[in-house]
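Notes follow the structure.
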Amino acid sequence: MNRAQALAEFVTFGKHKDEAISIIVASTIDNQGPIYVLTLATVLDVLTRCQADEIDLDDLELWANVIESRTDIDYSAVEGVIYALSNSEQMGELDKSKVTKLVELLAS
Numbered sequence: 324m325n326r327a328q329a330l331a332e333f334v335t336f337g338k339h340k341d342e343a344i345s346i347i348v349a350s351t352i353d354n355q356g357p358i359y360v361l362t363l364a365t366v367l368d369v370l371t372r373c374q375a376d377e378i379d380l381d382d383l384e385l386w387a388n389v390i391e392s393r394t395d396i397d398y399s400a401v402e403g404v405i406y407a408l409s410n411s412e413q414m415g416e417l418d419k420s421k422v423t424k425l426v427e428l429l430a431s
């Protein structure tokens, strides 16, 4: 698995997410810019899976924090959502009702 595949696996909460994290951590970030583009469809899938208890709320918040800190992930299309998920001190503690509201807002 290369870095681009590892980023995709991490961002989508794929089956090999743990392996992907190891690859991402071991790889160096260069200044070539983003190599993965986070889409609204992917964010909606992750949020829906969180609603269905497939993804833990703490994991969702950590996921958003990691995405926000990476220069190799372009999340500009969903920047507001990532900000809301990763900044509980400004947005309030993350809970299922907030996830549901985000899904409703994004799906409309």
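Position one of the sequence shown corresponds to residue 324 (the working numbering), numbered consecutively onward.
Where is the CB? At the ideal position from N, CA and C, for every residue including glycine.
Since the model is a prediction, treat every value here as computed from it, not as a measurement.
Cβ neighbour criterion (16 or more within 10 Å) applied to residue i
i, result
"VAL422", "buried"
"LEU361", "buried"
"LEU370", "buried"
"VAL366", "buried"
"ALA375", "exposed"
"ALA329", "buried"
Residue span of the alpha helix (DSSP H) that contains residue i, given as start and end
i, result
"THR423", "419-430"
"ALA331", "326-334"
Contact check, residue i vs residue j, beta carbons under 7 Å
i, j, result
"MET324", "ILE346", "yes"
"GLU332", "ALA349", "no"
"ALA430", "ILE405", "no"
"LEU408", "GLU384", "yes"
"VAL401", "LEU428", "no"
"LEU380", "LEU417", "yes"
Residue i - DSSP class collapsed to helix/strand/coil
i, result
"GLU377", "coil"
Inset, instruction - Entirely within the region 386-415 and at least 4 residues each: give me those alpha helix (DSSP H) ranges in chain order. - result: 402-409 and 411-414
Legend entry - Any beta strand (DSSP E) of 3 or more consecutive residues that is wholly inside the region 337-364: none
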